[in-house]
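Report on the following structure.
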Amino acid sequence: MKLNCFCFLTVIPSTIFRHCNLFLFNQIELESLDVHVGQSYLVLVTTNQNIADYYIVASPKLSNATNNNTLVGVVVLHYDNSTTPAIGSLPSGPDPFDMQFSINQEKSIRWNLTTGAARPNPQGMFHVTNVTIIETFILNASTTTIYGLSCYSVNNVSYLIPDTPLKLADFFSNRTGVYELDAFSKNTSNANAVRGVFVASALHKGWTEIVLENNLDIIDTWHLDGYSFFVVGMGEGDWNPESRSSYNLYDPIARSTVQVYPGGWSSVYVYPDNPGMWNLRSQNLQSWYLGEELYVRVYDADPNPAKEKPPP
1 MKLNCFCFLT VIPSTIFRHC NLFLFNQIEL ESLDVHVGQS YLVLVTTNQN IADYYIVASP
61 KLSNATNNNT LVGVVVLHYD NSTTPAIGSL PSGPDPFDMQ FSINQEKSIR WNLTTGAARP
121 NPQGMFHVTN VTIIETFILN ASTTTIYGLS CYSVNNVSYL IPDTPLKLAD FFSNRTGVYE
181 LDAFSKNTSN ANAVRGVFVA SALHKGWTEI VLENNLDIID TWHLDGYSFF VVGMGEGDWN
241 PESRSSYNLY DPIARSTVQV YPGGWSSVYV YPDNPGMWNL RSQNLQSWYL GEELYVRVYD
301 ADPNPAKEKP PP
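Position 195 (the sequence shown) corresponds to 195 in full-length UniProt numbering; numbering is contiguous.
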């Protein structure tokens, strides 16, 4: 079984979460925390209970762990001088199938603007209320069948790995015979499922909105090489332009991975100031291996090797 997310749970009711992926965010008290692929947290556990031993449990989302104890990780928090072992049943935690609970929790994690926040510049900006979005990607992840084979796809395109690396094709042959830039749409799905070398252009130093949609029955996690992005919104159902009214543009967390819940969407803002050919992919290894990826080409005409090192 693939575990795309687990829930960290302690029986001690006051657990304070402070750091997310090395960024400080507003301190919040929770009894459980969803931890997704590519995420890390620093937590402070308030040891204000009676002297005893207590369970700390990690259990998967979208799975009834009570029917399979091998999916549950358990450690014991031992108070000094405790002679009372942890006894009784493990804490059950929130409903693992309640996606709205998880979405609401994710939205509650916000950057702490009063402690260690970056200066307001495009490279280190901590809120994006005043940026101008140049273009929008709408990328839909789904399964499909091509030539009788099961595949994963983005906008109905299952990625085909070319024989020539993309940057070498860029540098030596101007892409000829390897791929066609923007051959596939960045914001609509292909009418028919195809296999192809999906390379999308992004304007250098132009703010880009990327909407990730999940038509799968699992929690998907997307990663973009070369960048951190701001997670400004997520929700259940289909994304539409009105969904922007729910965005958090003031204090969103910066990440390089983001989860997308089944049948839902997540939206990120990214500032493509790093020239190159960057992989945007599912972090679910099966999905990635079977085609759920594309490349984002960020081109800068300035040949300065300090900006982008040429191929050897």
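Quick reminder that beta carbons are idealized off the backbone N, C-alpha and C, glycines included.
Got a sec, what are the start and stop residues for the beta strand (DSSP E) residue i sits in?
| i | result |
| --- | --- |
| F229 | F229 to E236 |
| S246 | S246 -> no beta strand (DSSP E), and no H or E assigned at all. |
| S201 | V199 to A202 |
| I253 | Element bounds for I253: n/a, residue is neither H nor E. |
| E308 | Element bounds for E308: n/a, residue is neither H nor E. |
| N279 | G276 to S282 |
| residue 313 | Residue 313 lies beyond the stretch modelled for the chain, which goes from 1 to 312, so this question has no answer here. |
| W222 | D220 to L224 |
| I87 | Unbroken run through I87: none, as it is neither H nor E. |
| S59 | D53 to P60 |
| W239 | Looking at the DSSP string, W239 is not in any beta strand (DSSP E), and its letter there is neither H nor E. |
| V76 | G73 to H78 |
| E293 | E293 to V298 |
| L33 | S32 to H36 |
Need the endpoints of the alpha helix (DSSP H) that residue i sits in, please.
| i | result |
| --- | --- |
| Y289 | L285 to Y289 |
| S173 | L166 to S173 |
Please report the straight-line C-alpha distance between residue i and residue j, rounded to a whole angstrom.
| i | j | result |
| --- | --- | --- |
| P91 | D300 | 54 Å |
| I12 | S228 | Interpretation of I12 is limited by its pLDDT of 49, a score under 50 that renders its predicted location unreliable; no figure is taken from the coordinates. |
| N64 | P96 | 7 Å |
| residue 313 | E106 | An answer regarding residue 313 cannot be provided, because it is not within the stretch 1 to 312 covered by the chain. |
| Y54 | R110 | 29 Å |
| E135 | L33 | 33 Å |
| E213 | M234 | 10 Å |
| F137 | L77 | 45 Å |
| L44 | V75 | 16 Å |
| L294 | E236 | 24 Å |
| L218 | D251 | Inspection of the sequence shows that residue 218 is occupied by Ile rather than by Leu. If you take the alpha carbons of I218 and D251, they lie about 28 Å apart. |
| R244 | N104 | 16 Å |
| K2 | S158 | Any reading at K2 is ruled out, since the residue's pLDDT is 42, under 50, leaving its predicted position unreliable. |
| V72 | S59 | 5 Å |
| N50 | V131 | 50 Å |
| S14 | G88 | With a pLDDT of 48 at S14, under the threshold of 50, the modelled position of that residue is not reliable, and the figure given next carries that caveat. Cα-Cα distance, rounded: 20 Å. |
| L216 | K309 | 38 Å |
| residue 376 | M99 | The requested residue 376 is not part of the displayed model; the chain covers only 1 to 312. |
Between the Cα of residue i and those of the options, spot the shortest distance and give me the residue it belongs to.
| i | options | result |
| --- | --- | --- |
| K167 | L181, V194 and L71 | L181 |
| G162 | G177, G148, L149 and I51 | Looking at the sequence shown, residue 162 is not Gly but Pro. For P162, the nearest C-alpha among the options comes from G177. |
| T144 | I138, N156, I133 and F137 | N156 |
| R297 | G88, N284, A169 and S266 | A169 |
| I133 | W207, V232 and P262 | W207 |
| residue 313 | S108, A58, G263 and M234 | Outside the displayed span of the chain (1 to 312) sits residue 313, for which this structure offers no information. |
| L285 | Y179, A58, D220 and L212 | D220 |
| D273 | A306, V37 and S142 | A306 |
| Y41 | S201, Q27, I51 and D217 | Q27 |
| V35 | T46, N48 and V57 | V57 |
| S201 | P275, N248 and Q100 | P275 |
| V231 | W265, S287, V199 and Q100 | W265 |
| R195 | N215, Q49, Y147 and V128 | Y147 |
| Y179 | F171, V199 and S102 | V199 |
| A193 | S142, T129, E209 and Q259 | S142 |
Would you say residue i lies against chain B (beta-carbon separation less than 8 Å)?
| i | result |
| --- | --- |
| L224 | Included in the structure is just one protein chain, with no chain B present. |
Notebook entry, point to check: Which runs of the alpha helix (DSSP H) spanning at least 4 residues fall entirely within the region 92–162, listed in chain order?
Noted result: Under the rule that a run must span 4 or more residues, the alpha helix (DSSP H) segments found entirely inside the region 92–162 read 99–107.
Note to self: Does the region 72–87 come into contact with the region 101–117, if we say contact requires no fewer than three beta-carbon pairs (one atom in each stretch) closer than 8 Å?
What the structure shows: With a cut-off of 8 Å on Cβ pairs, the region 72–87 is not in contact with the region 101–117, counting fewer than three such pairs.
Check: Quick check: the region 268–281 against the region 220–236, are there 3 or more CB pairs under 8 Å?
Finding: With a cut-off of 8 Å, the region 220–236 and the region 268–281 count as touching, because enough Cβ pairs lie within range.
Note to self: Check whether the region 184–194 and the region 249–265 touch, using three or more Cβ-Cβ pairs below 8 Å as the test.
What the structure shows: With the cut-off at 8 Å, the region 184–194 and the region 249–265 do not touch.
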